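Numbering-wise (the numbering used here), the sequence shown opens with residue 1092 and increments by one. Every residue gets a Cβ at the ideal spot worked out from N, C-alpha and C, and that includes glycine. Here the structure is a predicted model, which is why all the values come from computation and not from measurement.
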Amino acid sequence: MANYEKIVRDNFYFVDKTRFIRELEKYEIPVFLRPRRFGKSLWCSILECYYDINRKDRFEALFGHTDIGRNPTPARNSQMVMRFDFSKVEVSSDYLAIQEFFCRECRNSFSTFLCDYADLIGMDLDRLPPGAASAISVLLTEVKNKRLPPVNIIIDEYDNFTNQLLTTHQDVLYKELTTGDSFLRTFFKVIKAAVGEGTVARVFVTGVLPVTMDDLTSGFNIGQIITLEPHVLEMMGFTQAEMNHYLDDIFTDHGWSDTLKQRVRDDLRSHYNGYRLLPDARETLYNSTIANFYLNRLVIDEGSIPTETIDHNLRTDINWLRRLCGGDKEARELVETLMFDGTLPVDTSMLSSKFNMKQFFEKQFFPLSMYYLGMLTFRDRFSLEFPNLTMKKIFTEYFNELEHIEVSLGYTGMFQQFLKDHDWSALFAGYWTQYVGQIPAQAFDKVNENFFRTTFFELCKRYLSPDFMFAIEV
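This is the structure we're talking about:
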């Protein structure tokens, strides 16, 4: 759920992170990056409701129960909000087609803005030129000339469509979009100029990688990437204390047992916790969106433990690995290292909030590239690891795909038999024959205990989830 108004109106459960609005106001143009499914869009909705001048009379209803509602900042409900979602921009192999898709999506945002503030602006959409940059320029000039309240621009998933170009090896097209007088650079230049003259009061940008932001260079060099700042590290994702309080609310409302609560807590911790976003971070975080995916199923099924624990939107396309590594052979070597060792060495001196496309694809930067994509997290200052069982299972699927290992045919009999006799030795023997027997000789020479545990777990998870709960060994 990424609609804050609906959360409040329908009395949904809500983990209050609004105190971080004060932290964001320390920056004029904060850029906050997190892996997919970390709650970025909900934050955009919260900020829209908080700053929107049209929602001034509803502030108490929307925020009275929150931290920021009890102690608001002077900027509350003082701006006109213009919101963009660039995840909706379609991708093509043609520059002009992408430009058309981009302009169309921006035009939808302009239309909403003009409708929301019709009493103030009094401008029809057809008065705007077709290009995104020229249209937002005309619109912001109108705001300036009429001395209207300043604009707050929110851009969600700013790099969604440019990242898709990178994964599909369309580097020439990517560079065309991020250099020279491209429509994308010109769009951000207009916003930059409007910030300078005060027409735009604030800009908030979310995304996954700083690559596009860095490659835009002077087009938008005023963005302040705060991803690694310790004081906002917990702005998205749940801490253990927040998750405990969240579970207490759910279980109190539904009258479920403490025994079930402990099982759910263990399940959540194993599958969705574990994101240590800095080597010395105080604690690990839950991926909030996929944790909510699990809890939503729990409530809908009236307290039955969900058997499907993976939100498949979390699965980063394997093309990212192929692109990062340079091909199947290199991707296979990287996945094998993680499957066999469970960790990947990292040079933390290279950890930076800004890097360009060239750096992102350099071999020595691979570990940190995977960290930014949410595939790995910090174990300590010297190594990265899988954050949880969910990501470990996803990497096992990568391994199976790269090594062409069949995991859907030939297994049902041995798992059916196990449910009758609970003979673990017979089940492992079946795994050894059916699964391990498919591993290529060059890979088998490197396998170890960690690999056997990981792949055996993935198979058991695949076939036995309705009957057993799986947890991380500690």
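Using a 10 Å radius around the Cβ and a threshold of 16 neighbouring Cβ atoms, would you call residue i buried or exposed?
| i | result |
| --- | --- |
| I1401 | buried |
| K1117 | exposed |
| W1523 | exposed |
| I1391 | exposed |
| H1513 | exposed |
| P1220 | exposed |
| C1206 | exposed |
| T1487 | buried |
| S1499 | exposed |
| E1139 | buried |
| F1535 | exposed |
| M1430 | buried |
| K1147 | exposed |
| F1420 | According to the sequence as given, residue 1420 is Lys; it is not Phe. With fewer than 16 Cβ atoms within 10 Å of its Cβ, K1420 is classed as exposed. |
| L1518 | buried |
Give the DSSP-derived three-state secondary structure of residue i in the structure shown.
| i | result |
| --- | --- |
| D1514 | coil |
| S1200 | helix |
| S1474 | strand |
| S1548 | Reading off the sequence, residue 1548 comes out as Phe, not Ser. Helix, per DSSP. |
| T1330 | coil |
| T1259 | coil |
| A1152 | helix |
| T1269 | helix |
| F1457 | helix |
| P1436 | strand |
| L1376 | strand |
| Y1463 | helix |
| V1366 | Note on residue identity: the sequence assigns Tyr, not Val, to residue 1366. Y1366: strand per DSSP, three-state reduction. |
| Y1186 | helix |
| F1446 | coil |
| G1504 | helix |
| A1212 | At residue 1212 the sequence reads Ile, which differs from the Ala that was named. Correct three-state label for I1212: helix. |
| H1495 | coil |
| F1519 | helix |
| I1396 | coil |
| D1536 | coil |
| F1452 | coil |
| T1524 | helix |
| F1542 | helix |
| R1161 | helix |
| S1132 | helix |
| K1179 | helix |
How about residue i and residue j: are their beta carbons less than 8 Å apart?
| i | j | result |
| --- | --- | --- |
| R1293 | E1119 | yes |
| V1323 | E1151 | no |
| G1433 | N1364 | no |
| F1469 | R1388 | no |
| E1476 | L1467 | yes |
| F1473 | S1460 | no |
| F1154 | T1203 | no |
| S1200 | F1175 | yes |
| F1573 | F1177 | Outside the displayed span of the chain (1092 to 1565) sits residue 1573, for which this structure offers no information. |
| L1550 | Y1489 | no |
| E1497 | Q1529 | yes |
| G1298 | D1340 | no |
| T1157 | D1215 | no |
| K1053 | D1217 | The requested residue 1053 is not part of the displayed model; the chain covers only 1092 to 1565. |
| L1480 | S1361 | yes |
| K1566 | I1313 | Given that the chain is displayed from residue 1092 to residue 1565, the structure contains no residue 1566 and the question cannot be resolved. |
Tell me the DSSP bridge mates of residue i?
| i | result |
| --- | --- |
| Q1170 | D1143 |
| Q1315 | P1121 |
| T1468 | E1476 |
| N1243 | V1172, R1293 |
| L1412 | BP columns for L1412 are empty, so no partner. |
| G1287 | Per DSSP, none; premise fails for G1287. |
| G1298 | L1124 |
With a cut-off of 8 Å on the beta carbons, I'd call residue i and residue j a contact; round off their distance for me.
| i | j | result |
| --- | --- | --- |
| T1277 | A1224 | 4 Å |
| E1288 | K1237 | Their Cβ separation, rounded to whole angstroms, is 14 Å, which puts E1288 and K1237 out of contact at 8 Å. |
| D1262 | M1560 | With 8 Å as the limit, D1262 and M1560 do not qualify as a contact, their Cβ atoms being about 45 Å apart. |
| M1448 | V1302 | 5 Å |
| L1124 | T1318 | 4 Å |
| V1281 | I1244 | Incorrect: roughly 10 Å between the Cβ atoms, too far for contact. |
| T1398 | S1556 | 4 Å |
| E1427 | K1537 | 6 Å |
| G1260 | R1414 | The sequence shown places His at residue 1260, not Gly. At roughly 7 Å, the Cβ-Cβ gap stays under 8 Å, so H1260 and R1414 are in contact. |
| N1383 | F1129 | Actually they do not touch by this definition, with Cβ atoms about 11 Å apart. |
Spell out whether any CB of chain B is found under 8 Å from the CB atom of residue i.
| i | result |
| --- | --- |
| I1313 | Given the protein chain composition of this structure (a single chain), no chain B is represented. |
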